[in-house]
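A.B. asks:
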Amino acid sequence: MKFSVTVILKKDVLDPQGKVVENTLASMGLNSIKSIRQGKFFQIEVDEKDHTTAEKKVDEMCKKLLVNLIIEDYKISKI
Amino acid sequence: MKFSVTVILKKDVLDPQGKVVENTLASMGLNSIKSIRQGKFFQIEVDEKDHTTAEKKVDEMCKKLLVNLIIEDYKISKI
Amino acid sequence: MKITAQIVEKHGLKLEEYENIKKLLEREPNFLELGIFSAMWNEHCSYKSSRVHLKKLPTKGKQVIQGPGENAGVIDIGDNDAIIFKIESHNHPSYIEPYQGAATGVGGILRDVFTMGARPIALLNSIHFGAPEHPKTKSLLNGVVSGIGGYGNCIGIPTVAGETKFNDTYNENILVNAMAVGHAKKDKIFYSKAKGLNKSVVYVGSKTGRDGIHGASMASAEFDENSEEKKPTVQVGDPFTEKLLMEACLELMKDNSIISIQDMGAAGLTSSSVEMASKGALGIELDLDKVPCREENMTPYEIMLSESQERMLIILEDGKEKNAKKIFDKWDLDFVVIGKTTNTNKLTLKFNNRIEGEIPIDALASNAPLYNRKWVKKKIQKTRIDLKKLKKIKIEDALIKILSSPNHSNKSWITNQYDQNVMCDTVQKSGSDASIIRIHNKDKAIAVSVDSSANYCKAYPLVGGKQIVCENWRNLITVGAKPLAITNCLNFGNPENKEIMGEFAECLEGIKEACEFLNYPVVSGNVSFYNGTNKKNIYPTPVIGGVGLIKKLSKPLNHNFKKNNSTVILIGKTFGHLEQSCFLKENYSINEGMPPEVNLLNEKNNGETLLKLIDKKLILSSHDVSNGGLITALSEMSIGSEYGIKIFKPKKLTNLYEYFFGEDQARYIVEIETNNLGKIEKILKENNTYYENIGLTQKEFFEIEKELKISTNDLFKINNEWYKNY
Amino acid sequence: MRSSVIVFPGSNCDRDIAIALEKMQFKNQMVWHKETKLPKSDLVVLPGGFSYGDYLRSGAIAGKSLIIDEVVKAANSGCLILGICNGFQILTETGLLKGTLLRNKNLKFINKDVHIKVMNNNTKFSNKYKNNQLLKINIAHNEGNYFTDPKHLDELNKEGLIAFKYCDEKGNINNGTNPNGSLENIAGILNLKKNILGMMPHPERMIDDIISNKDGINLFSSLLN
Ligand SMILES: Nc1ncnc2c1ncn2[C@@H]1O[C@H](COP(=O)(O)OP(=O)(O)O)[C@@H](O)[C@H]1O
Ligand SMILES: [Mg+2]
Chain A
-17 MKFSVTVILK
-7 KDVLDPQGKV
3 VENTLASMGL
13 NSIKSIRQGK
23 FFQIEVDEKD
33 HTTAEKKVDE
43 MCKKLLVNLI
53 IEDYKISKI
Chain B
-17 MKFSVTVILK
-7 KDVLDPQGKV
3 VENTLASMGL
13 NSIKSIRQGK
23 FFQIEVDEKD
33 HTTAEKKVDE
43 MCKKLLVNLI
53 IEDYKISKI
Chain C
4 MKITAQIVEK
14 HGLKLEEYEN
24 IKKLLEREPN
34 FLELGIFSAM
44 WNEHCSYKSS
54 RVHLKKLPTK
64 GKQVIQGPGE
74 NAGVIDIGDN
84 DAIIFKIESH
94 NHPSYIEPYQ
104 GAATGVGGIL
114 RDVFTMGARP
124 IALLNSIHFG
134 APEHPKTKSL
144 LNGVVSGIGG
154 YGNCIGIPTV
164 AGETKFNDTY
174 NENILVNAMA
184 VGHAKKDKIF
194 YSKAKGLNKS
204 VVYVGSKTGR
214 DGIHGASMAS
224 AEFDENSEEK
234 KPTVQVGDPF
244 TEKLLMEACL
254 ELMKDNSIIS
264 IQDMGAAGLT
274 SSSVEMASKG
284 ALGIELDLDK
294 VPCREENMTP
304 YEIMLSESQE
314 RMLIILEDGK
324 EKNAKKIFDK
334 WDLDFVVIGK
344 TTNTNKLTLK
354 FNNRIEGEIP
364 IDALASNAPL
374 YNRKWVKKKI
384 QKTRIDLKKL
394 KKIKIEDALI
404 KILSSPNHSN
414 KSWITNQYDQ
424 NVMCDTVQKS
434 GSDASIIRIH
444 NKDKAIAVSV
454 DSSANYCKAY
464 PLVGGKQIVC
474 ENWRNLITVG
484 AKPLAITNCL
494 NFGNPENKEI
504 MGEFAECLEG
514 IKEACEFLNY
524 PVVSGNVSFY
534 NGTNKKNIYP
544 TPVIGGVGLI
554 KKLSKPLNHN
564 FKKNNSTVIL
574 IGKTFGHLEQ
584 SCFLKENYSI
594 NEGMPPEVNL
604 LNEKNNGETL
614 LKLIDKKLIL
624 SSHDVSNGGL
634 ITALSEMSIG
644 SEYGIKIFKP
654 KKLTNLYEYF
664 FGEDQARYIV
674 EIETNNLGKI
684 EKILKENNTY
694 YENIGLTQKE
704 FFEIEKELKI
714 STNDLFKINN
724 EWYKNY
Chain D
14 MRSSVIVFPG
24 SNCDRDIAIA
34 LEKMQFKNQM
44 VWHKETKLPK
54 SDLVVLPGGF
64 SYGDYLRSGA
74 IAGKSLIIDE
84 VVKAANSGCL
94 ILGICNGFQI
104 LTETGLLKGT
114 LLRNKNLKFI
124 NKDVHIKVMN
134 NNTKFSNKYK
144 NNQLLKINIA
154 HNEGNYFTDP
164 KHLDELNKEG
174 LIAFKYCDEK
184 GNINNGTNPN
194 GSLENIAGIL
204 NLKKNILGMM
214 PHPERMIDDI
224 ISNKDGINLF
234 SSLLN
């Protein structure tokens, strides 16, 4: 079973990467941007049959390692 | 209009980060994992009314800056 | 699969070469065998076009422990200490994917050095880009720089020196050369020659993936419109794994387990196994099922030709496997016995219990093609540039133009991205003529520098070759080091073109003459041909990496003025050679004419005399005069200092432009205590060294009497603006 | 004083800090990350480098290694803990120090000598320095941009938990003298009990005049005090 996880910095945490990307795109003339935030993306394949168990496992991975809960939010989706 | 872009290394391209994360999760006892690949995630807000124009703009950003087309694949979705 | 002419060609082999393969095998090769031949017989691995010329280089000397032919060169610096170093190109991969190309270039050269038992202590690089205005330059530049930093910083070896140049000759083909320097105990050096029958051949490091298949043949082909298609060969570097691999290898090297060790570089498992067997006059049998693979269903062809990074091949003494495995387990690295040495003199490849390929080692190595390609001497351009016919320009403006140009502007925006201080032995970082690295726990040090001068080499390869060795030699001398030996990376165009081959032959002749005269042997190196696109070849660009010894470390010597009112002396004669100068290039875009002459006798004498003065502690600061001439060198001495200089007008009636901007060789500028002048003049005279007293340092201002006056602060700004606005 | 330096795969300033500690007469031991017991120590150092390649987030994976549980225990029982550079990042990932280290604001690795100001000399780590003393210390990092929530920032200020701030050679603390975008120019912080210090600059690189200067020495001699 395959899942995707997206991780993004919380709203009130500064995002230096996003900022620089935003400025660079603007300076390249791509100026219809309103805002850009950069985060992480994981493709995870787990060895489980049951959707709920599988998603729980992925959630556990996020909480225990993939995400820094103090500064980041995340979202799991099945793919 | 808001989009999300996920970027991931092409198949067969080495993903050193994914590999280390995978090993770490396994050694933490989360061993139902089959594979994990790590990529990038962007939340982009563009100042456009029309969906097609907006998506085109985002695609242009991907091609010109956000994605390294030589080693990465990407996907744009509306959010 | 039937092997057709098209398949042969796709493998970068000529049809005659294919015929030769059939003869050596006494049959047709299969697809796997063809792939192996193609990897071993391409330019990158076989040196088929260059070997004839490389043989002429001087490679011996009292200081040399191991010359070319091993993974890296080894020199003796006394007290059982040895320095191991080499330079290597990663031009083509870096053009395709600058970050990963440069990063894996660093990774590759590091493996060459620690394979031999050395702990790497310094990294250097020489990078060449197209014109700054060229649309690709900026992203290539940024990618390469962060790739070099990304790898070196992560693995924790200081990147201490290098050079960055821009020239439109590299618009479609950048150069990325990386050099690594390591330290080992003289009695603990490891070689790649296999010995003994039935010994375990062990695979260690990362797993094998599909990356870089045919990277070596790619590096030996010109770019064309189809290079896009070759993109899947991009390799991704993993500096973290390399760090583990390095620590594991160095740990294993502490005892006597290893018979032979070889990194998997270009052409991966193929070239490493063939090289070990060939040097040991043995055969080698590999069980390809056992090779740790990253992807599913990899074929023997893919396994043998993969250029996945961070892998090594080791031949172990009997009974040492268990202990060795323990070490690699500790570092979480794969460790698998994949084969053994045999007495067949063949490379035997098994997969699924079947022999999938079998090739005599000699056919791959000593019988590889060797070409004495046609070459022609450079036709020399004897032009005479009449200064009077050129638009008049003020000395000040010409100087500003040079100092603010991309090629001459300060490069700290690059070097600040490299960890130069990790390992805590960096005595002098980049920014000086040479960087200085202390030998750990000792009070001696080495000095290192890399240099190239493509414009000179293009104009007159013979002199260019000589000049660049001399310039590198001078750079070590100015920091008080005795130059010991060099490594060289020869970046040239298409060797099948006789003009290009001529550039190669003549540059090499020049390098040879200079190295011989200066007792500055070549201990390692690398050749990169086919640099160019669609028949447009790059300028010949030999890059020289030199290592020198500072026996007793004291305060490092550099080029910044140190004091007020000290005397500044110019050692060496000024003739005012302006052709091929930076002055004409930056101000008038003139590239014609000959490079300055190189007089080896003066080079040697001036350099050795300066070393004597430095040894007697009579020198406050010193700098060599190179690109941009005397005035540029003097302004560089002021830029990093709170002191400037008041330069006397030359006494003899010379043209000021020729005097200040001429690029005559064998010159140094030194700052000395004014009250030591007599003592120093005496030594200079005793040594028949020509010198001139050219000025006095002063606070704050850079000045030529009655000609120009700029504050050193302004000079600093001028020199630091370019990248900020790029 | 007994010190322990934890070695993670990818640590690369472990040798440098060990040399500094030994030079200062600490009785030092290197401790491999897979160990499950910490030798008796008065000081535990998490060294600089790229543990686990800085993959995922710098310091994140090292924060999960076996030995870390022991380090946390030691910290809670008052043992002195010093995290330098990557070590600082590991400390924030384990929660021993609050806040986080984001990418440098220019997104580039930065290596140079910078000035920092001693903000509080009333700690085990800084008692040999004077308050407001300026030090010139080397930095070398990709993620040194310290960030925390306003409440914690307030606490840092009120309790004197900011150990060092980036400044210029005259001591000016402002945006122009901030190399990496760090909140309030913060270069190092302490926990509330002041037994844990995390800092981005490398004091172990500043103990030898021939290489640099000796501005880092007093950090170690403070610990011995
Ligand atoms: N320009 C050169 N000058 C001297 N030696 C050279 C030169 N080019 C290559 N060599 C030597 O030829 C050998 C093979 O080089 P190379 O294929 O680059 O080695 P590796 O496979 O270890 O990277 C090395 O010993 C190298 O030092
Ligand atoms: Mg090699």
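Residue numbers (our numbering), protein chains in the order written: chain A, -17 to 61; chain B, -17 to 61; chain C, 4 to 729; chain D, 14 to 238. The beta carbon of each residue, even a glycine, is placed where N, CA and C say it ideally should be. On a predicted model such as this, the values are computed, not experimentally measured, just so you know.
Does any CB atom of chain D fall closer than 9 Å to the CB of Q(-1)(B)?
C.D. replies: yes
A.B. asks: Just checking, does the region 211 to 231 of chain D make contact with the region 139 to 156 of chain D on the three C-beta pairs under 8 Å criterion?
C.D. replies: Enough Cβ pairs lie closer than 8 Å, so yes.
A.B. asks: Starting from the C-beta of N25(D), find all residues in its chain whose C-beta is less than 6 Å away, skip the five residues before and the five after it, and write them out in chain order.
C.D. replies: In the same chain as N25(D), and ignoring 5 residues on each side of it, the C-beta atoms closer than 6 Å to its own belong to G62, in chain order.
A.B. asks: Could you tell me which residues DSSP pairs with L114(D) in its beta bridges?
C.D. replies: L114(D) pairs with Y159(D).
A.B. asks: Along the region -16 to 16 of chain B, where does the CB come closer than 7 Å to a CB of chain D? Name the residues.
C.D. replies: P(-2), Q(-1), V2, V3, T6, M10
A.B. asks: Anyone know if the C-beta pair for L623(C) and K688(C) falls short of 9 Å?
C.D. replies: no
A.B. asks: Is the region 331 to 348 of chain C touching the region 289 to 299 of chain C, taking contact as three or more C-beta pairs under 8 Å?
C.D. replies: yes
A.B. asks: Is the beta carbon of I442(C) less than 9 Å from the beta carbon of D428(C)?
C.D. replies: yes
A.B. asks: Return the chain-ordered list of same chain residues with a C-beta closer than 7 Å to the C-beta of G698(C), the five sequence neighbours on each side being excluded.
C.D. replies: V571, I648, K649, I650, F651
A.B. asks: Determine whether the Cβ of A153(D) lies closer than 9 Å to any Cβ atom of chain C.
C.D. replies: yes
A.B. asks: Would you mind telling me which residues of chain C sit closer than 7 Å to I52(B), beta carbon to beta carbon, in chain order?
C.D. replies: I99, E100, K234, V237
A.B. asks: Provide the residue span of the alpha helix (DSSP H) that contains E639(C), from first to last.
C.D. replies: 632 to 642
A.B. asks: For a cutoff of 9 Å on Cβ pairs, would you count L69(D) as touching chain B?
C.D. replies: L69(D) counts as touching chain B.
A.B. asks: Starting from E20(C), trace the alpha helix (DSSP H) both ways and give me its first and last residue.
C.D. replies: 18 to 28
A.B. asks: Report the rounded CA-to-CA distance for G496(C) versus P61(C), giving the unit in angstroms.
C.D. replies: 24 Å
A.B. asks: What do you get for N590(C), buried or exposed, if any count of 16 or more other CB atoms within 10 angstroms of its CB means buried?
C.D. replies: buried
A.B. asks: To the nearest angstrom, how far is it from the Cα of V28(A) to the Cα of P(-2)(B)?
C.D. replies: 19 Å
A.B. asks: Whole-angstrom Cβ separation of N128(C) and G165(C), contact assumed at under 8 Å?
C.D. replies: 4 Å
A.B. asks: What are the residues in the region 115 to 137 of chain D lying within 9 Å of chain A by C-beta distance?
C.D. replies: L115, R116, N117, K118, N119, L120
A.B. asks: Please classify T(-12)(B): does DSSP put it in a helix, a strand, or coil?
C.D. replies: Reduced to three states, the DSSP call for T(-12)(B) is strand.
A.B. asks: Please classify G100(D): does DSSP put it in a helix, a strand, or coil?
C.D. replies: helix
A.B. asks: Looking at V204(C) and S260(C), is the spacing between their C-beta atoms short of 9 Å?
C.D. replies: no
A.B. asks: Just how far apart, CA to CA, sit D236(D) and G173(D)?
C.D. replies: Residue identity check: residue 236(D) is Leu in the sequence provided, not Asp. So the alpha carbons of these two residues sit roughly 18 Å apart.
A.B. asks: If contact means a Cβ-Cβ distance below 9 Å, which residues of the region 28 to 48 of chain D contact chain C?
C.D. replies: R28, D29, I32, A33, W45, K47
A.B. asks: From G468(C), R477(C), T345(C), W476(C), pick the residue whose C-alpha is nearest to that of G505(C); which is it?
C.D. replies: G468(C)
A.B. asks: Name, going along the chain, the residues of the region 421 to 441 of chain C whose beta-carbon falls closer than 8 Å to a beta-carbon of chain D.
C.D. replies: Y421, D422, Q423, N424, V425, M426, C427, D428, T429, V430, R441
A.B. asks: Report yes if the C-beta distance between P161(C) and Q431(C) is below 9 Å; otherwise report no.
C.D. replies: no
A.B. asks: Using alpha carbons as the reference points, say which of N529(C), A462(C), K485(C) lies closest to E502(C).
C.D. replies: A462(C)
A.B. asks: Relative to the C-alpha of K40(D), which candidate in K47(D), H46(D), I30(D) has its C-alpha closest?
C.D. replies: I30(D)
A.B. asks: For P464(C), does the three-state DSSP call read helix, strand or coil?
C.D. replies: P464(C): helix per DSSP, three-state reduction.
A.B. asks: For R357(C), write down the residues that DSSP places opposite it in a beta bridge.
C.D. replies: Note: R357(C) sits in a beta bridge opposite F354(C).
A.B. asks: So for K558(C), helix, strand or coil by DSSP?
C.D. replies: coil
A.B. asks: Please identify, using Cβ separations under 7 Å, the residues of the region 17 to 28 of chain D that lie next to chain B, in order along the chain.
C.D. replies: none
A.B. asks: Do V(-11)(A) and K22(A) have their C-beta atoms within less than 9 Å of each other?
C.D. replies: Contact flag set, yes.
A.B. asks: For E30(A), would you say it is in contact with chain B, using Cβ-to-Cβ distances shorter than 9 Å as the test?
C.D. replies: yes
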